[in-house]
Every structure is written in structure tokens, then in C-alpha cells.
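> Position in the sequence shown (from 1) plus 70 gives the number in our numbering.
Note that beta-carbon positions come from the ideal geometry of N, C-alpha and C, so glycine has one too.
The model shown is predicted, which means the values in this text are computed figures rather than measured ones.
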Amino acid sequence: SDVCSSDLAVFVEELEDHVSTWNDLLLRIEHGDAPTDAQRTLFRVAHSLKGAARAVSLPALERYCHELEEALDALEGEPDDALLARLFAAADIWAEVARRLRADEPVEDTLFEARRRHSEPVSREHTGGLRVPAARLDALLVRAGELSRAVLRIDDREREVASLAARLRRMRAARSAPE
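Here it is as C-alpha cells:
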């Protein structure tokens, strides 16, 4: 069944909001200052996205979110590096799904499989440099993308306001012009 474009647009907005919430919470967990309900909040986000994915006919995303729910449900205590990497990778996957949907590109099932294999834990070795997993770098890029989109939205709104102001001036001028 075809999903109407307004439903898909709402889904993408919700997905992007969840990516932001998810990343914020994971960063707090990683830095040791997570709220006591962090695991429950992560579970709720995965659960919400699972239902939303079902509503917009994205069964692979629905299954992926269900797998995350199961991992979070089985979690006792703080997540280890492997699970944290997997959770950060989920944000990357969701951001990519949102990007593809905005670009009217297909969201293939292989997206979920390929990214699952690439979520690796952080290396704790000190090699004179800083090793950061791709998932964390991707999360930063997602943030940068969110900021860029916000700037573009503001620019769009400025153009709309300028256009409306010009239209209003023309209408006022036309109304006050002698007939």
C-alpha cells in the first residue's frame, strides 16, 4: 500500500527527532551522567520507531527496531562497548533512512544488514592517537547535518517572509491606487 507523502514527511520529522534524542542519551550514558530511566527511554524510542515504521510500510526498519528493543530489554546495568557501538550505529542507520526518504530514494533491507556488521566497540588502547568508531563520527556528522538543515529552514523562512512582505506591499499599493 502506498503511504501518503504527508504521513511520510511526519515520519521523517519524528525519525530525525528520535535520532537526536537517542544520540543525546547515548552520549550521556557514555560520559557516565545518564538519567536513571535511560534504558527505558531508549526502549521507548525504539518501540515508537518500530510502530511508526510499520505505519509507513518499512518492515526492515520495523524488524531492526524490534531487535534493538530485545537487546535493551535484556540489558542489566550499563551497556558494554559493543552494545553502545550497536546503539550508536542505530542512530546512523535511522539518520540514513531519513536522508533517503527525504531524497525520495529507496530504503533497501541491505542497509540494516551492512550497518549491523560495521558497529564495532571503541578501542581502549592508547596508540598516541584517538581511535573513534565510525558510529560516533557518523553521529557527529548527523548533528552537523541537523544544524545545516536548521539553517536552511531558517533561510527558507526568511525568503518566505520577504516574499510575503513584498506581496503585502503590492496588495496595499494596488488597494490604495486610484481606479
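So residue 182 packs on residue 130, CB below 8 Å; how close in whole Å?
Right, the Cβ-Cβ distance comes to about 5 Å (below 8 Å), so this counts as a contact.
> May I ask you to verify whether the segment 211-228 touches the segment 118-128, counting CB pairs closer than 8 Å and requiring at least 3?
Too few Cβ pairs lie closer than 8 Å, so no.
> Where does residue 132 sit, in a helix, a strand or coil, going by DSSP?
Here residue 132 sits in helix by DSSP.
> Indicate the three-state DSSP secondary structure (helix, strand or coil) for residue 106 in the structure shown.
Coil at residue 106, not helix or strand.
> Expressed to the nearest angstrom, what Euclidean distance is found between the alpha-carbon atoms of residue 101 and residue 95?
Straight-line Cα distance between these residues: approximately 10 Å.
> Per DSSP, what kind of secondary structure is residue 221 in: helix, strand or coil?
In the structure shown, residue 221 sits in a helix (DSSP, three-state: H, G or I).
> Which residue wins for smallest C-alpha separation from residue 159, given the options 89, 170, 123?
The residue with the shortest Cα to Cα distance from residue 159 is 89.
> Quick check: what's the CA-CA separation for residue 71 versus residue 122?
Summary for residue 71: the model assigns pLDDT 46, below 50, so the residue's position carries little reliability, and this model does not support an answer.
> Let's see if you can read the secondary structure: which residues bound the alpha helix (DSSP H) around residue 84?
Here the alpha helix (DSSP H) through residue 84 covers 75-100.
> Using a Cβ-Cβ distance under 9 Å, would residue 83 count as near chain B?
In summary, chain B is missing from the structure at hand, where a single protein chain is found.
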